[in-house]
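Contents: one structure, followed by commentary.
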Ligand code: IPE
Ligand code: IPE
Ligand code: MG
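Numbering (this note's numbering), first residue to last: 2 to 230.
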């Protein structure tokens, strides 16, 4: 961790929102907003290690995002493929361990294959865990986890937690949402139980490492009580 960086944050999650509005403001096609959004992803993934984060979870595609026009869904898939092809080497060498939360088996076989390859390639890395949420919805995750827990024995918060997609990740400390929307949109509902929430008006393509630092700084000033006193 760099000198002067805020301490105590292990796991940050980000709802990367506002790509469409970023493009609209500039009279550009939405796809351009998503493209610039990928650059913001690159910035935060590169910066995660510098900021001493153990885990970074990014909401890239929700179970509800299938409702978007086919063309946009296909643009997003194309971007994802290109991102893996262009950036995997760098991240693998930097020690990033990739994992996916959500049921990405619903994607096209070539995408699934590419993702599986990327996961395998980084599986033994010990740096920052990058969890990308793909076809992810918290309600779907909790339902899947509860089903698995029930098959093994009594359902308790602990047995459900142990079956969540994030099971072996550190507890979520900070949830960030960009673009001014103040809602969770079905992201990490269980894990947010005691996470700090941070909302910023910055649109995702404009999000920089300094914005992330600002969020971490804000977090370090908060008192987490977990119900006690
Ligand atoms: C977030 O940007 C990216 C994804 C949901 C994949 P949006 O596409 O939701 O952008 P806005 O909210 O329309 O501005
Ligand atoms: C949440 O953003 C999903 C992702 C960032 C991937 P949305 O733009 O889909 O959420 P809503 O529709 O505004 O709630
Ligand atoms: Mg949005």
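Every residue gets a Cβ at the ideal spot worked out from N, C-alpha and C, and that includes glycine.
Computed from a predicted structure; not experimentally measured.
Relative to ligand 3, residue 181 has its C-beta separated by 7 Å or more from all heavy atoms. Bridge pairing for residue 60: 16, 134 [DSSP]. Per DSSP, the continuous beta strand (DSSP E) segment holding residue 178 begins and ends at 175–178.
Of all alpha-carbon atoms in 174, 206, 154, the one lying nearest the alpha-carbon of residue 195 is that of 174. DSSP, read as helix, strand or coil, puts residue 101 in strand.
Where residue 200 is concerned, there is no enclosing alpha helix (DSSP H), although the beta strand (DSSP E) around it starts and stops at 197–200.
In the structure shown, residue 156 adopts coil according to DSSP, grouped into three states.
DSSP, reduced to helix, strand and coil, places residue 28 outside both helices and strands of the structure shown, so it counts as coil. The set of residues whose C-beta lies within less than 5 Å of a heavy atom of ligand 1 reads, in chain order, 18, 19, 20, 21, 22. In this structure, ligand 2 has no non-hydrogen atom nearer than 7 Å to the beta-carbon of residue 31.
DSSP places residue 39 in the helix class (H, G or I) of the three-state scheme. When the Cα atoms are used, residue 78 and residue 33 turn out to be separated by approximately 14 Å.
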